[in-house]
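**Student:** Last residue of the sequence shown? That's 1540 in the numbering used here, and every number before it is there in order.
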Amino acid sequence: MTTAQVGAASALVEVIAHRLASPDQVLGRELTHGWWPQSLAYGAAGVALLHVERARAGLAPWQPAHDWIACAAHGPVIAGEDSHLYYGAPSIAFAMHAAADRTGRYRRALATLDRHIAATTRRRLDRAHIRADRGERPALAEFDTIRGLTGVGAYLLRREPHGDLMRAILAYLVRLTEPVTSEDGEESLGWWSDLAPSGRLAETFPGGHANIGMAHGIGGPLALLSLAMRDGVTVHGQAEAIGRICAWLDQWRQHGEAGWWWPYWVTPQQVRAGQPAASMPSRPSWCYGTAGLARAQQLAALATGNTARRQMAEHALLSALTDPSQLESTTDMSFCHGYAGLLHIAGRAAADAMTPDLAGCLPELLGALIPDRRNRRGPPGHLAAGRRRATRRRHRRCPDPAHRRGRHGPRFRLGRMFPGRLTATPRKGHTMDPGEWPQAVIEFADEASAEQVAVGHLGPALVAAQADGLLSRWWFIRKAPCWRLRYLPADSGGFTTVLDRLAAEGWIAGWTAGIYEPETHAFGGAAGMDIAHELFHRDSRHLLNHLARQQAAAPDMPGLGRRELAILLSSILFRNAGQDWYEQGDVWARVTQHRSVGNTELSTQRRGRLRAAVHRLMTVDAGPTSPLVDGGPLAAIADWAEAFEQAGQQLAELARRGGLQRGLRAVLAHHVIFHWNRLGLPAAEQHILTELAKEAVMGTSEPAAISIAETNTQVNDESDALAERLRNELADHLRQQGTLRTEQVDAAVRAVPRHRFVPAVALEEAYADKPLYTTHDGTGTSISAASQPTIVAMMLEQLQVQPGQRVLELGAGTGYNAGLLAHQVGSDGQVITIDVDEDIVDGARSGLVAAGLANVKVILGDGALGYPEGAPYDRIEATVGAYGVPTPWLEQLAPDGRLVVPLRLRGSVSRSIVFERDHDGRWHSLSSEMCTFMPLRGIADDARRTVALTSDAAVTLQTHQDQLVDAEALADVLDQPRTEAWTGVKFRGPESMEWMDLWLACTLDNAVSRMPVERSAVERGAVRPQFGWGSMATIEKGNLAYLTVRRNGLAPDGGNLYETGVIGHGPSRDALVNRVVDAISAWDRHYRSRTVGFQIQATNTPPIQPKPGRFAIDTPLNRIVIEWH
């Protein structure tokens, strides 16, 4: 580029920047295509990027960028389905992240934006996967760069490249490149859309199309996958996905006088014809055409190390930038369609290019962007539209894209960011009818502090706003993690500034505007809803005042708690609504139906005590004129009690006049539900209280209301009542199935709160008898879990820990197992748990602290090395799968100690084995149980490898280092002919096949592997697995044999018998199937009734003497001997 060109370009940029120096210079002017502040293409977010680039280059100060960011963020920010990289929350976040010129700048605003972006993105990912599961084709807006997940991924690659959400998007894009099979069996490209390039159905595109462009087609995902890989951000299958896209692009690559080029899209007609409709290349641009797609393929080549593709892509781009016919079709200056985009692509590609010729194109492209002097007095134009002429609109009348579609997406505010000097009226998204209640969904920094902030800051702000005439009524409802505030504004919108101030000051994380839709029918019609609204307002105000008084009171000062208020105020409502004793019982029964959380059994003694307390609260006279309230110890709630008294009387009168459109007791039950929500009562406590209130009524006669002087009638139900009940239910279940056998392990399971170690899951899930996968690696593979309680208890019974012992645990997991061990060893004992992953260690420590267990030390280190500083140990338990037993474990165990280790023996067969030393120092087993654990990581790493047996990975094979695997030969093995054979070996329904699996692992050359199967593979007839999860299988080069079963007869006790069969695929399937059948038959005839023992021997031990039923497995660590006795 010449000095003159650079100077002219710099001067032009200076002119544009000057004219766009401040939002004040634009607002109110006529602008091409209107004005959408939150748009990168048509608004303040895009203008901000101009000033960001200038500031980063040292050409201008940062303040203009910050002013435009503030302009973009003013007013409700568009979130939800109407937002994408170029509009709404992601657009503002992209610009804001770029404008963060110092550490901490925009931290709070970006955190709020990221929360909304993440929530929307997860919903979009979920829908995309559901769509793919159904075999349906995607809309362009699902995946493309402009409106779809690729665009969000582009932001995240800058903002949080190694986060889980970024990896989830990459994993989705990998899946997008895989074929989609419809219900009728038709297979198509994963990114083939039924829509036209416009994103709508069109008669001109029957059968849809496959879009190739960067903006709306597969070029965008290819670029993102490649850029992420270059930055070291990868997921499973990413390289293969890049390869699939490139291979398909090669099919449609054309060559002519203009060099290599690609069509804009491919239609079914073009697929049938085998060639595109166009015979020559169209306009080269960023969004469509050769230029953008060539750059995407250059990035792919750089990511995968493909020199040939890199050369092809660079020559294709060079041809597009030097071909006169293509350049003549480029008629504007824009980034998307015009020379600005071509210059950007050429500059980036030239920096990465093998050929210097691309850099030679830059001067001409820059020259095309510099207008002559005759045009310099005109407006600078539009950042995305360049010199295009269009109908002019005034920005204040121009609706945003969501409004053009007749939609109101979710919105939220970022607080006070807009420059004070900017006086333009923000766009209103909704004109309210008189009497309509707006809604503000208020987000707090965390759920735990929400109530404290509401009491200390939101409540006073609401009272002040009402006093200032901004509000006439307001009330709230809790919808974790947010609160929904409904209000009647007394002015046109001044109250929103109160919420903006709270957000700007950091008291709330943000808020989203919306419209409240009253549950008019539930509250008995319009008149009943008016009564409800008045009670909601008074109840909300009095509750916040009550909580404020409690926070200010001395810690030991008695007072009414939430549970007491819940019964007391509801009973006032019922009595004043004219409900007799049994009618009140019916109301409580209705509430119970709405608040059922399962079994809430309490001991008979405790239930009776609590029921008596609830009975007293239901019958005490706490009306506003009662001695307790009128000048008595409950005077503070006089107005509150009056609100419920008046509401009850009004509802009774309305019912008497026939004005209720729903039964009175049903309306009262709904009032209880809303009142208890505002109180913040957990669902479990609500259920217990309603059960107790209902029981207090049954079988008794109506008592007169009584007066009492004592007010501190606490219903002392522990906050962990539900957790305790669920924990006991789990222990009962484990004992009934025979897993829990000793009182010591039983007591530990009942005492140690598992939910403290998995705080992110619901209580019911925390105490379910199933594993909880808690930690994943970069590929999405689980590397840590809270093991299934059945397995945990089984191994604890194997370990037989005694009080006062020292125990070493290998694999910290969540810390729950260490907590159980700590309970058993007691205060005189010591537990040390060790893990190689720092995040897992931190999580275990947090869980142990939350559970109040102090006699556990959590060590960050390689578990294969043990922890010699704490040796010798009375017990060592490995809670990770091992292939061989590391020598340090054996050396650090006390002479009479016990080792329990989940040992992977061969292939996928694992058993939890108890080892002890005999008097000669030999390690032998006492017992073993079937189990599977996460593999050990570290120097004794035993990582699994997953091999896909179908193109959609609906059938996979888990293989290990001791197995020979030819993944390429197995890729289509299930498509090959099938051989099926039956063994005559039968099992009764519940009988385990574990010992047969172990025999096959020992006798087959390549052992056996787990073959997980998804339901879709079964439904389409690809496999007939042994179990619901899949089958055990064996492989040999390109051959596969797996186990299956069929019902075949009845056992003597009438139970079903199932016969084992073998299904094989591959060129030598018959021979492999026969070997598996013979092995099963031999086990059934000679070894099925025998017991199995295990020994650990050093690798230098002399070879074992051959004997039928005896096998030696040499591992890198030692020799494992398996023998059927």
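C-beta: ideal position from N, C-alpha, C; glycine also. All figures in this text were calculated on a predicted structure; none of them were measured in a lab.
1) Does DSSP classify tryptophan 483 as helix, strand or coil?
2) For a quick check, are the C-beta atoms of leucine 1275 and glutamate 1253 less than 7 Å apart?
3) Using a Cβ-Cβ cutoff of less than 7 Å, which residues in the same chain neighbour valine 1176 once the five nearest sequence positions on both sides are dropped?
4) Looking at the unbroken beta strand (DSSP E) that takes in cysteine 897, where does it start and where does it end?
5) According to DSSP, what are the bridge partners of aspartate 1529?
6) So leucine 1104 and isoleucine 982 are in contact, right, with Cβ under 8 Å, and what is the actual spacing, rounded?
7) Buried or exposed: proline 778, going by 16 or more other Cβ atoms within 10 Å of its Cβ?
8) Considering only residues of the same chain and omitting the five flanking positions on each side of aspartate 883, which have a CB-CB separation below 7 Å?
9) Under the DSSP definition of a beta bridge, which residues are partnered with tryptophan 889?
10) Where does histidine 752 sit, in a helix, a strand or coil, going by DSSP?
11) In chain order, what are the residue ranges of uninterrupted alpha helix (DSSP H) at least 4 long that sit wholly in the region 1455 to 1505?
12) Does DSSP put threonine 418 in a helix, in a strand, or in coil?
13) Does the distance from the C-beta atom of phenylalanine 1330 to that of leucine 1314 stay below 7 Å?
14) Which class does glycine 844 belong to by DSSP, given the choice of helix, strand or coil?
15) Taking just the CA atoms, how far does histidine 730 sit from serine 700?
16) Who are the near neighbours of alanine 508 in its chain, counting only those whose CB is closer than 8 Å to its CB and skipping five residues on each side?
17) Our contact map puts leucine 1389 next to threonine 1365 with C-beta atoms below 8 Å; I'd like the distance itself, whole angstroms only.
18) Threshold first: 4 residues or longer. Then list the alpha helix (DSSP H) segments lying entirely within the region 1222 to 1292, N to C.
19) Just to confirm the assignment, what range does the alpha helix (DSSP H) spanning alanine 783 have?
20) How long is the line joining the alpha carbons of serine 613 and valine 462, rounded to whole angstroms?
21) Apart from the five residues just before and just after alanine 432, which ones in its own chain have a Cβ nearer than 8 Å to its Cβ?
22) Quick check: what's the CA-CA separation for alanine 706 versus histidine 752?
23) In chain order, which continuous runs of the alpha helix (DSSP H) of length 4 or greater are located wholly inside the region 1048 to 1095?
24) Are the Cβ atoms of valine 1316 and alanine 1297 separated by less than 7 Å?
25) In angstroms, rounded to a whole number, what distance separates the CA positions of tryptophan 1539 and glycine 1508?
26) Can you find the residues in the same chain that come closer than 7 Å, C-beta to C-beta, to serine 985, ignoring five residues on each side of it along the sequence?
27) Quick one: is methionine 1447 buried, meaning 16 or more other Cβ sit within 10 Å of its Cβ, or exposed?
28) Compare the Cα-Cα distances from glycine 1568 to each of Ala1146, Gly1073, Gln1391 and report the closest residue.
29) When you compare the region 1471 to 1481 with the region 1503 to 1517, are there three or more beta-carbon pairs, one atom per stretch, that lie closer than 8 Å?
30) What's the C-alpha gap between arginine 539 and valine 1112?
31) Determine, using beta carbons only, whether arginine 901 and tryptophan 852 come nearer to each other than 7 Å.
32) Taking its Cβ as the centre, do 16 or more other Cβ atoms sit within 10 Å of methionine 748, making it buried, or is it exposed?
33) Run through DSSP, which three-state label would glycine 943 get?
34) Pick helix, strand or coil for alanine 424, following the three-state DSSP scheme.
35) Rounded to whole angstroms, what's the CA-CA distance from tryptophan 898 to arginine 1221? Just pull it up for me.
36) Leaving out the 5 sequence neighbours to the left and right, which residues in its chain are closer than 7 Å to arginine 668 when beta-carbon positions are compared?
**Tutor:** Working from what's here:
1) Here residue 483 refers to the residue found at position 68 of the sequence shown. Of the three classes helix, strand and coil, the one that applies to tryptophan 483 here is helix, per DSSP.
2) One-based indexing of the sequence shown puts residue 1275 at position 860. One-based indexing of the sequence shown puts residue 1253 at position 838. A contact, by the Cβ cut-off of 7 Å.
3) Your numbering for residue 1176 matches position 761 in the sequence shown. Contacts found: Leu1187.
4) Residue 897 sits at position 482 when you count from the first residue of the sequence shown. First-last of the beta strand (DSSP E) with cysteine 897: 897 to 904.
5) Along the sequence shown, one-based indexing puts residue 1529 at 1114. Arg1534.
6) For this step, residue 1104 is matched to residue 689 along the sequence shown. For this step, residue 982 is matched to residue 567 along the sequence shown. Indeed, because the Cβ distance is near 7 Å, the residues count as touching under 8 Å.
7) Here residue 778 is taken as the residue at index 363 of the sequence shown, counted from 1. In this structure proline 778 is exposed. Its beta-carbon is surrounded by fewer than 16 other beta-carbon atoms within 10 angstroms.
8) Residue 883 sits at position 468 when you count from the first residue of the sequence shown. Within the same chain, aspartate 883 has no close Cβ partners at all.
9) The sequence position of residue 889 within the sequence shown is 474, counting from 1. Answer is Tyr902, bridged to tryptophan 889.
10) Looking up residue 752 in the sequence shown gives position 337. Of the three classes helix, strand and coil, the one that applies to histidine 752 here is coil, per DSSP.
11) 1484 to 1497
12) Here residue 418 refers to the residue found at position 3 when the sequence shown is read from its first residue. Threonine 418 falls in the helix class under three-state DSSP.
13) Along the sequence shown, read from residue 1 onward, the residue named residue 1330 stands at position 915. Along the sequence shown, read from residue 1 onward, the residue named residue 1314 stands at position 899. A contact, by the Cβ cut-off of 7 Å.
14) For the purposes of this step, residue 844 is taken as residue 429 along the sequence shown, with counting starting at 1. At glycine 844, the pLDDT of 32 sits below 50, so the modelled position is not reliable and the matter cannot be decided from this model.
15) For the purposes of this step, residue 700 is identified with residue 285 of the sequence shown, where counting begins at 1. For the purposes of this step, residue 730 is identified with residue 315 of the sequence shown, where counting begins at 1. So the alpha carbons of these two residues sit roughly 16 Å apart.
16) Position 93 of the sequence shown holds residue 508. Correct list, in chain order: Leu525, Leu528, Asp529, Ile532, Tyr570, Arg574.
17) The count along the sequence shown starts at 1 and reaches residue 1389 at position 974. The count along the sequence shown starts at 1 and reaches residue 1365 at position 950. Confirmed, about 6 Å.
18) 1231 to 1240, 1253 to 1265
19) For the purposes of this step, residue 783 is identified with residue 368 of the sequence shown, where counting begins at 1. Its alpha helix (DSSP H) spans residues 777 to 784.
20) To locate residue 613, count along the sequence shown from 1; it is residue 198. To locate residue 462, count along the sequence shown from 1; it is residue 47. Near 26 Å, if we compare the C-alpha coordinates of valine 462 and serine 613.
21) Translated into positions along the sequence shown, residue 432 becomes position 17. Around alanine 432: Leu465, His466, Arg469, Ala475, Pro479.
22) For this step, residue 706 is matched to residue 291 along the sequence shown. For this step, residue 752 is matched to residue 337 along the sequence shown. Whole-angstrom Cα-Cα distance: 11 Å.
23) As far as the region 1048 to 1095 is concerned, its whole alpha helix (DSSP H) runs of at least 4 residues are 1053 to 1071, 1079 to 1094.
24) Locating residue 1316 in the sequence shown gives position 901, counting from the first residue. Locating residue 1297 in the sequence shown gives position 882, counting from the first residue. Contact: yes.
25) For this step, residue 1539 is matched to residue 1124 along the sequence shown. For this step, residue 1508 is matched to residue 1093 along the sequence shown. Their Cα atoms are separated by approximately 7 Å.
26) Position 570 of the sequence shown, counted from the start, is the residue given in the question as residue 985. Contacts found: Val1087, His1090.
27) Indexing the sequence shown from 1 puts residue 1447 at position 1032. Counting Cβ neighbours within 10 Å, methionine 1447 comes out buried, since at least 16 surround it.
28) In the structure as shown, the chain begins at 416 and stops at 1540. Residue 1568 is therefore absent and cannot be evaluated.
29) no
30) The residue given as residue 539 occupies position 124 in the sequence shown. The residue given as residue 1112 occupies position 697 in the sequence shown. Those two C-alpha atoms are separated by around 49 Å.
31) Locating residue 901 in the sequence shown gives position 486, counting from the first residue. Locating residue 852 in the sequence shown gives position 437, counting from the first residue. Going by C-beta atoms, arginine 901 is nearer than 7 Å to tryptophan 852.
32) Within the sequence shown, residue 748 is the residue found at index 333, counting from 1. By the neighbour-count rule (16 or more Cβ atoms within 10 Å), methionine 748 is buried.
33) Along the sequence shown, one-based indexing puts residue 943 at 528. Helix.
34) Taking the sequence shown and counting its residues from 1, one reaches residue 424 at position 9. Three-state result, alanine 424: helix.
35) If you number the sequence shown from 1, residue 898 lands on position 483. If you number the sequence shown from 1, residue 1221 lands on position 806. Those two C-alpha atoms are separated by around 49 Å.
36) As a working mapping, residue 668 is identified with position 253 in the sequence shown. Same-chain partners within the cutoff: Trp675, Trp677.
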